[in-house]
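With my numbering, the residue at position 73 of the sequence shown is 61, and numbering never jumps.
C-beta atoms are modelled at their ideal positions from N, C-alpha and C, and glycine is treated no differently.
Source: prediction; values computed, not measured.
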Amino acid sequence: MKNALFIIILILFFPVIAFAQDEAVKNDSFFKAKVVDIIEQRNNMLPDGSEAIQQNLLLKGLEGEYKNKEINFNGIGNFDVIGKSIYKIGDKVMVVESFGAEGGSEYYITDYVRTQSLGWLIAVFVVSLFIVGRWKGLRSILALALTFFVIIKYIIPQILSGTNPVFVTVAGSFVILLIIIYITEGFRPLAHISAISIFFSLMITIFISWVFVFGSKLTGVSSEEVSFLINIGDQAINFRGLLLAGIIIGALGVLDDVVISQTAAVEQIAKANYSFSKYEVFKRSYEIGISHIASMSNTLFLAYAGASLPLLVLFISGQSAFTGWGQIINNEAIATEIIRTLSGSIGLILSVPITTFIAVLWYKK
């Protein structure tokens, strides 16, 4: 749920971030337009039997200086692009006007306009969250907005300024931890226990990640996104530290879910029968925790596997330079995902006995 909420907040704030970036690219102008006519369409059959469609379109600007301006988009060329979008009359698209060195300009369609559909999805999500979670659900949105603020206004600027990403993320994570716990759960014993348990579990996760990231000699530059960061900012970015920072933030979100649920389980068992000894409460609560971590570890693995699925398909198909299992497993991109998944999972597993122990001491004192 928190990942979905984070995406919503990102969507809501993205125009502000994107606007700041667009101002830096002074030679290009981005705007929305509508397809009003398909001037020409060419269907080309490829050697593998698939079809590549190219289109010349007439567009009409929808905003700013381009409003009601008719624009010709020339999409028919000498190169066939597999999976290229096929546009229909009435489609709304994002367009960029790119200026050449000699002063001429070309128009390119960069993507569809998805604001309306995303807006409806967000509305359905918020309404569903309110109906099921009531005011606690709305408090979770507030907590996420503040979390997003910490990441955007503190963690990322500090990383771009050259500060060690691990130190910055650890400090930011503790602020995020307090925000999430105390806004959603209130100032009560469950929140105190959860905060302490997450602190110890996160420290273990950070230590394990640090040991194996450095032990495996990961550089942190295996992903495509990192290549765009190499020449950004005045200070060099510590990419290995950035990798660790990503692991820390990801682990924090998972630990939050497991630890709060486990603390609540201990609380309910302790209150259900005051005659239970500390051992009895620990044993019963621990059984619940085992079931939880089994499902959550699988969820964590599937989340990372899903994000890396195209890369896995490329390796398994034998179409890359890495055709053997030994080469695949030692590739940094794959090793990074393995360490990311297992480090988070180990922290998740150990959080159950840690949380159960601390909660039992509190509720059975």
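For residue i, count neighbouring C-beta atoms within 10 Å of its own C-beta (all shown protein chains included) and say buried if the count is 16 or more, exposed if not.
i    : result
E255 : buried
I337 : buried
Y96  : exposed
S211 : buried
G160 : buried
A224 : exposed
V23  : buried
Q104 : exposed
I257 : buried
L232 : buried
Y267 : exposed
E325 : buried
A293 : exposed
S197 : buried
F270 : buried
G92  : exposed
P145 : exposed
P247 : First, the amino acid is wrong: residue 247 is Val here, not Pro. Buried, by the Cβ-count rule.
L230 : buried
G174 : exposed
Could you check what DSSP says for residue i in three-state terms: helix, strand or coil?
i    : result
V209 : coil
N286 : helix
I171 : helix
F227 : helix
L47  : strand
T324 : helix
T151 : coil
S361 : Any question about residue 361 goes unanswered here, given that the chain covers just -11 to 353.
A262 : A small fix is needed here, since residue 262 is Tyr in this sequence, not Ala. Coil at Y262, not helix or strand.
Y75  : coil
Q9   : In this predicted model, Q9 has a pLDDT of only 44, less than 50, meaning its place in the structure is not dependable; the value taken from the coordinates is given anyway. Note: Q9 maps to helix in three-state DSSP.
Do you know how far the Cα of residue j is from the Cα of residue i?
i    : j    : result
L34  : G65  : 15 angstroms
E39  : R30  : 10 angstroms
L166 : F87  : 48 angstroms
L330 : V340 : 16 angstroms
V244 : S182 : Reading off the sequence, residue 244 comes out as Asp, not Val. Those two C-alpha atoms are separated by around 8 angstroms.
S128 : I27  : 49 angstroms
F227 : K72  : 33 angstroms
L349 : F118 : 34 angstroms
I276 : G241 : 20 angstroms
V163 : V138 : 8 angstroms
I316 : G78  : 46 angstroms
N32  : L106 : 33 angstroms
L206 : I236 : 16 angstroms
V84  : V214 : 24 angstroms
E58  : D25  : 10 angstroms
F18  : K80  : 13 angstroms
Q9   : N319 : Note that Q9 scores a pLDDT of 44, beneath 50, so its modelled location is shaky and nothing firm can be said.
F61  : I143 : 40 angstroms
I327 : G52  : 48 angstroms
M284 : D99  : 35 angstroms
G335 : T151 : 26 angstroms
V158 : S149 : 16 angstroms
G238 : G332 : 8 angstroms
Y351 : L297 : 44 angstroms
Q42  : I140 : 39 angstroms
R272 : L178 : 18 angstroms
V120 : T172 : 15 angstroms
H280 : K55  : 54 angstroms
I194 : Y75  : 47 angstroms
V13  : E94  : With a pLDDT of 41 at V13, under the threshold of 50, the predicted position of this residue should be treated as unreliable, though the coordinate-derived value follows. Cα to Cα, V13 sits roughly 15 angstroms from E94.
F289 : A282 : 11 angstroms
L46  : M82  : 14 angstroms
I278 : S204 : 30 angstroms
S249 : G63  : 53 angstroms
In the DSSP assignment, find the unbroken beta strand (DSSP E) run with residue i in it and report its ends.
i   : result
I59 : E58 to N62
I27 : D16 to M33
F87 : K80 to F87
Where do the N-terminal and C-terminal ends of the alpha helix (DSSP H) with residue i fall, by residue?
i    : result
A179 : P177 to G203
S128 : T103 to V138
I147 : I144 to L148
Return yes when at least one heavy atom of the ligand COA lies under 6 angstroms from the C-beta of residue i, else no.
i    : result
R272 : This structure simply doesn't include the ligand COA, nor any ligand for that matter.
Problem - Stretch pair the region 110 to 120 + the region 130 to 147: three plus CB contacts closer than 8 angstroms - result: Two segments are said to touch when three or more pairs of C-beta atoms, one from each, lie closer than 8 angstroms; by this definition the region 110 to 120 does not touch the region 130 to 147.
Handout entry: the region 260 to 269 / the region 182 to 201 touching (three or more Cβ pairs under 8 angstroms)
Key = No, they do not touch.
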